[in-house]
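Undergrad: Let me give you the structure first, and then I'll get to my questions.
Number of protein chains: 2
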Amino acid sequence: MVDMLYTPRSEVDARIAAFQATLDQLHLDGALIIHHTNLFYLSGTSQAAHLFIPRSGKPLLMVRKSFERACRESPLEDIVAVKSLKMIPGILKERGYTAANIGLELDVIPYTTWQFYTKIFNHSTFTDIADSLKRIRTIKSAYEIDLLQRSCTALDEVFAEVPAWLREEMTEIELASLFEAGIRRRGYGGCSKMRAFNQDFFMGHVVSGASGAVPTYFDGPVGGHGLTPANNPHGAGWQVIRRNEVVYIDYTCVINGYTADETRVFVIGDVADHLRRAHVASLAIQAELVNMIKPGVPCEAVYNRSLELAEQAGLADHFMGIGSSRVRFIGHGLGLELDEYPIFANGIQMPLAEGMTFALEPKFVFADGAIGTENTYVLRHNGPQVLTHAVETITRV
Amino acid sequence: MVDMLYTPRSEVDARIAAFQATLDQLHLDGALIIHHTNLFYLSGTSQAAHLFIPRSGKPLLMVRKSFERACRESPLEDIVAVKSLKMIPGILKERGYTAANIGLELDVIPYTTWQFYTKIFNHSTFTDIADSLKRIRTIKSAYEIDLLQRSCTALDEVFAEVPAWLREEMTEIELASLFEAGIRRRGYGGCSKMRAFNQDFFMGHVVSGASGAVPTYFDGPVGGHGLTPANNPHGAGWQVIRRNEVVYIDYTCVINGYTADETRVFVIGDVADHLRRAHVASLAIQAELVNMIKPGVPCEAVYNRSLELAEQAGLADHFMGIGSSRVRFIGHGLGLELDEYPIFANGIQMPLAEGMTFALEPKFVFADGAIGTENTYVLRHNGPQVLTHAVETITRV
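Line order of the protein sequences matches chains R and S. The numbers in UniProt numbering rise by one with no breaks, and the one at position 138 of the first sequence is 138. The numbers in UniProt numbering rise by one with no breaks, and the one at position 57 of the second sequence is 57.
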């Protein structure tokens, strides 16, 4: 058996220290971390638990289920079992923690769950600390970058298998099912996480020909039919893959928690000239953006430059979607979630910084297909280092 | 191309009528439906939209993205495009709707999202209508039962393929990846929905031998290692499947929105006597429960009877988990979500009613394996009709 990877003590200690500095700035007594993503980030476990992090001193992990697994997975010292969440305020008091002003992740905690906490902590006030944690998580450690690289490499391997699978008259969903099995057996945990409310997302999209222009609610440049209006109405559908139609494959891969994101294009036969030219343009835009990205550059400068380049290529009307389905970003941060900082969009002045990890995805959508590229990067002191390496030209089968 | 299935007008009309009766009882002016599940149930689309349902009169679907798709998918008459959510109160006012007391799904809407609504609706009060909608969704129409039957049949087909895939020394995740590809290519939309906060769930569990006794936070009788503590830490892991170890497979299948749930057990070689006896006991308990379930029977009576039967079989200590990992239910409702009403647990007096759909899952966990059965049912006037039909004896390969 392959052992599971547990987060080292040094990682968790550094993350908690960074967060305690923020708690100090916010004049909070501490924070109660509940949602699985931040809970894993700050404790090393995503079992059902509440992590109290005081402004200074040692955190306390209170586990409802499974205590045994949380003890094995978390490098924290103070771990206790709790039978009922109502016990939490009493436990904190007994241990001498002050908890008058508490940070909570109010961007994901549902209203009625918040109500429950206001009842059990009836002498405390709550402050939203979601954004502070998003900002801390934006800068990845060498350990995290190594994990992200593993997800990227697995995704590259599966892209390399596509030519062996692709055949005329197979449905998009057949190809998607093979691709997904490929990433699952390499360790994809099965849940790709988005922080935004109501943004259902599975693992990725396979869309062929005109499916690439089918709009959807999902906040990405390319939609697709999906299988049903009932859930996940985007990505692969029942459409049959035909000769001389581009097959656009955009997938995530989450191994040991870290999310890779990569897009490649395949075709059985030939690619129409306008699509081929747009693909060349997307690679050229990517190269220009990679060249301009350095620590200190504001996110919006990258987005606005991408619009200029699409305009210069005479493809502005197809860039990042068509008509009302166009999205207004050129890239997004990646990590434990798919929708992290930095966001490369107009109005986002956040300066890029060493250790940020993100995907850039210059794409064009036409009535007969979606085309473009997407890669995952880490920002080094001198510019972006690409972590995804599948062949970028359109693969002809 | 296979056309996607759109919800008929008659279905949506009946659902809205039932909900309007509830709004009337609650003395609400109307409700704003936002979360994808109820939105799909009441409008036929899960595009990004807000559905206002007045206490009486016609509902209004306000679509942010994709308007084009929402118009195609929803049978509702009044559908308008909105560029910004801030426009919603003004649109309602213009159209003459009263919206002083509004129902919202406060069990899933995050706190900061609720804050946003309190700002744009600054003269309205909000009431949680989540439970009312759960109760309405509990009783399925003939149309919904037909869709659920299709999900169940697809799941049966994939279980029938398992003997061809199963081989010694393959990992749990390899088998899981094949199983998942099998349900995906039959139309599994890719998102299995749970309403409960923080309950990550993918599609199902493959656990072999001792993995069946590995605890996890997930609220089910059987856990499993999973691939990583970082996300979805249950289900298939890196464990190798060995001869004479039970392979327990519990999967959902969601086609056109409706969730089937089924568990079967396989083995290469022989099954240890204590596991074989427990499997016979689980089938016997299932038969007894099916026999007692009728419209009018309270949920808890079914659960309490299952405890008696496990006790009589001398297997109480292994029933529905071991030690602190034991769960306190014997079945759960199924539909657009995996955690619907009815809940077969102590203290739940909800009487069963014709048209309810649910899974029963009498299971036993031992140090060397998890065993048992699970099927999906619809309650008819004279008792449960089973919708899942894979072979229930342990399949020897």
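Every residue, glycine too, gets a C-beta built ideally from N, C-alpha and C. The structure displayed is predicted, hence computed values, not measured ones.
(1) Work out the CA separation of Gln-385 of chain S and Ser-132 of chain S for me, nearest whole Å.
(2) Looking at the structure shown, is Gly-182 of chain R part of a helix, part of a strand, or coil, going by DSSP?
(3) Which residue marks the beginning of the beta strand (DSSP E) containing Gly-333 of chain S, and which one marks its end?
(4) If you draw a straight line from the C-alpha of Thr-125 of chain R to the C-alpha of His-35 of chain R, how long is it?
(5) Would you say Asp-13 of chain S faces chain R, with C-beta separation under 8 Å as the test?
(6) What's the C-alpha gap between Pro-233 of chain R and Ser-324 of chain S?
(7) Using beta-carbon positions only, say whether residue 399 of chain S and Gly-96 of chain S come within less than 8 Å of one another.
(8) Figure out for me which residue from R:Leu-379, R:Glu-374, R:Val-246, R:Val-365 has the closest Cα to the Cα of Val-397 of chain R.
(9) Provide the residue span of the alpha helix (DSSP H) that contains Ser-151 of chain S, from first to last.
(10) What three-state label does DSSP hand Tyr-117 of chain R in the structure shown?
(11) Since Ile-173 of chain S meets chain R, which of its residues come closer than 7 Å, beta carbon to beta carbon?
(12) Between which two residues does the alpha helix (DSSP H) containing Leu-42 of chain R stretch?
(13) For Ile-109 of chain S, which residues in chain R fall below 8 Å Cβ to Cβ?
(14) Which residues in the same chain as Asp-128 of chain S place their Cβ atom closer than 8 Å to its Cβ, once the five residues preceding and following it in sequence are excluded?
(15) Tell me whether the beta-carbon of Asp-200 of chain R lies closer than 8 Å to the beta-carbon of Glu-374 of chain R.
(16) For Cys-191 of chain R, which three-state DSSP category applies?
(17) Let's see if you can read the secondary structure: which residues bound the alpha helix (DSSP H) around Ala-278 of chain R?
(18) Along chain R, in chain order, which residues have C-beta atoms closer than 8 Å to that of Phe-40 of chain S?
(19) Would you mind listing the alpha helix (DSSP H) stretches within the region 30 to 99 of chain S that are 4+ residues and don't spill past its ends, in chain order?
(20) Ile-136 of chain R lies in the alpha helix (DSSP H); which residues open and close that run?
(21) When we look at the beta-carbon of Arg-305 of chain R and count the other beta-carbons within 10 Å, is it buried (16 or more) or exposed?
(22) According to DSSP, is residue 398 of chain R helix, strand or coil?
(23) Could you name the residues of the region 326 to 357 of chain S whose beta carbon sits closer than 9 Å to any beta carbon of chain R, in the order they occur along the chain?
(24) Cα separation between Thr-37 of chain R and Ser-282 of chain S?
(25) Which bits of chain R does Leu-5 of chain S rub up against, with CB to CB less than 7 Å?
(26) Which residue marks the beginning of the beta strand (DSSP E) containing Phe-19 of chain R, and which one marks its end?
(27) Just the chain R side, please: which residues come within less than 8 Å of Ser-66 of chain S by C-beta, in chain order?
(28) For the region 251 to 261 of chain S and the region 274 to 291 of chain R, state whether three or more C-beta atom pairs, one from each stretch, are separated by less than 8 Å.
(29) Do you know offhand how far Val-206 of chain S's Cα is from Glu-300 of chain S's?
(30) Does chain R have any CB closer than 8 Å to the CB of Cys-191 of chain S?
(31) Under a three-way DSSP split, which group does Asn-256 of chain S fall into?
(32) For Tyr-217 of chain S, which option in R:Ala-70, R:Pro-351, R:Ser-74 has the closest C-alpha, if you only look at C-alpha atoms?
(33) Using the Cα positions of Glu-340 of chain R and Phe-52 of chain R, report the straight-line distance between them to the nearest angstrom.
(34) With three or more C-beta pairs closer than 8 Å as the rule, is the region 362 to 381 of chain R touching the region 160 to 178 of chain R?
TA: According to the structure shown:
(1) The count along the second sequence starts at 1 and reaches residue 132 of chain S at position 132. The count along the second sequence starts at 1 and reaches residue 385 of chain S at position 385. Whole-angstrom Cα-Cα distance: 26 Å.
(2) For the purposes of this step, residue 182 of chain R is identified with residue 182 of the first sequence, where counting begins at 1. Correct three-state label for Gly-182 of chain R: helix.
(3) Residue numbering aside, residue 333 of chain S sits at position 333 when the second sequence is read from its first letter. Taken as a continuous stretch (DSSP letters only), the beta strand (DSSP E) holding Gly-333 of chain S covers 331 to 333.
(4) The sequence position of residue 125 of chain R within the first sequence is 125, counting from 1. The sequence position of residue 35 of chain R within the first sequence is 35, counting from 1. About 19 Å.
(5) In the second sequence, residue 13 of chain S corresponds to position 13, counting from 1. For Asp-13 of chain S, the answer is no, since every Cβ of chain R falls outside 8 Å of its Cβ.
(6) To locate residue 233 of chain R, count along the first sequence from 1; it is residue 233. To locate residue 324 of chain S, count along the second sequence from 1; it is residue 324. If you take the alpha carbons of Pro-233 of chain R and Ser-324 of chain S, they lie about 39 Å apart.
(7) Because chain S here runs from 1 to 397, residue 399 of chain S falls outside it and cannot be looked at.
(8) Residue numbering aside, residue 397 of chain R sits at position 397 when the first sequence is read from its first letter. Of R:Leu-379, R:Glu-374, R:Val-246, R:Val-365, the residue nearest in Cα terms is R:Val-246.
(9) Here residue 151 of chain S refers to the residue found at position 151 when the second sequence is read from its first residue. Counted as a single uninterrupted DSSP element, the alpha helix (DSSP H) harbouring Ser-151 of chain S occupies residues 142 to 165.
(10) The residue you call residue 117 of chain R lines up with position 117 of the first sequence. Tyr-117 of chain R: helix per DSSP, three-state reduction.
(11) Residue numbering aside, residue 173 of chain S sits at position 173 when the second sequence is read from its first letter. Neighbours of Ile-173 of chain S in chain R, taken as residues whose beta carbon is under 7 Å from its own, are Arg-184, Arg-185 in chain order.
(12) Position 42 of the first sequence holds residue 42 of chain R. Unbroken alpha helix (DSSP H) run through Leu-42 of chain R: 36 to 43.
(13) Reading the second sequence from its first residue, position 109 is the one you call residue 109 of chain S. The CB of Ile-109 of chain S comes closer than 8 Å to the CB of Pro-110, Tyr-111, Phe-197 in chain R, given here in chain order.
(14) Position 128 of the second sequence, counting from 1, holds the residue named residue 128 of chain S. These residues qualify, in order along the chain: Gly-103, Leu-104, Glu-105, Leu-106, Asp-107.
(15) Start at 1 with the first residue of the first sequence, and residue 200 of chain R comes out as number 200. Start at 1 with the first residue of the first sequence, and residue 374 of chain R comes out as number 374. No. Outside cutoff.
(16) Taking the first residue of the first sequence as 1, we reach residue 191 of chain R at position 191. Coil at Cys-191 of chain R, not helix or strand.
(17) Position 278 of the first sequence, counting from 1, holds the residue named residue 278 of chain R. From DSSP, the alpha helix (DSSP H) with Ala-278 of chain R extends over 273 to 292.
(18) For the purposes of this step, residue 40 of chain S is taken as the residue at position 40 of the second sequence. Against chain R, a Cβ distance below 8 Å from Phe-40 of chain S picks out Pro-229, Ala-230, Asn-231.
(19) Listed in chain order, they are 36 to 43, 67 to 73, 88 to 94.
(20) In the first sequence, the residue the question calls residue 136 of chain R occupies position 136. Ile-136 of chain R -> alpha helix (DSSP H) spans 130 to 138.
(21) Reading the first sequence from its first residue, position 305 is the one you call residue 305 of chain R. Flag for Arg-305 of chain R reads buried.
(22) Any answer about residue 398 of chain R is impossible in this case: the structure gives chain R only from 1 up to 397.
(23) Correct list: Leu-336.
(24) Within the first sequence, numbered from 1, the residue matching residue 37 of chain R stands at position 37. Within the second sequence, numbered from 1, the residue matching residue 282 of chain S stands at position 282. So the two alpha carbons sit approximately 36 Å from each other.
(25) Sequence index remark: in the second sequence, residue 5 of chain S carries index 5 (1-based). Against chain R, a Cβ distance below 7 Å from Leu-5 of chain S picks out Thr-228.
(26) Counting from 1 along the first sequence, the entry for residue 19 of chain R is found at position 19. Looking at the DSSP string, Phe-19 of chain R is not in any beta strand (DSSP E); the run it does join, the alpha helix (DSSP H), is 9 to 25.
(27) Residue numbering aside, residue 66 of chain S sits at position 66 when the second sequence is read from its first letter. For Ser-66 of chain S, the C-beta contacts it makes with chain R under 8 Å involve Pro-215, Thr-216, Tyr-217, Gly-223, Ser-324, Ser-325, in order along the chain.
(28) Per the Cβ contact rule, the region 251 to 261 of chain S is not in contact with the region 274 to 291 of chain R (fewer than 3 Cβ pairs under 8 Å).
(29) As a first step, residue 206 of chain S must be located in the second sequence, where it is residue number 206. As a first step, residue 300 of chain S must be located in the second sequence, where it is residue number 300. Spanning the two alpha carbons is a distance of roughly 29 Å.
(30) Position 191 of the second sequence, counted from the start, is the residue given in the question as residue 191 of chain S. With 8 Å as the cut-off, Cys-191 of chain S counts as an interface residue toward chain R.
(31) Counting from one through the second sequence, the residue named residue 256 of chain S turns up at place 256. The answer is coil: DSSP assigns Asn-256 of chain S none of H, G, I, E or B.
(32) To locate residue 217 of chain S, count along the second sequence from 1; it is residue 217. Of R:Ala-70, R:Pro-351, R:Ser-74, the residue nearest in Cα terms is R:Ala-70.
(33) Counting from one through the first sequence, the residue named residue 340 of chain R turns up at place 340. Counting from one through the first sequence, the residue named residue 52 of chain R turns up at place 52. Looking at the two C-alpha atoms, the distance is approximately 23 Å.
(34) Segments in contact, no.
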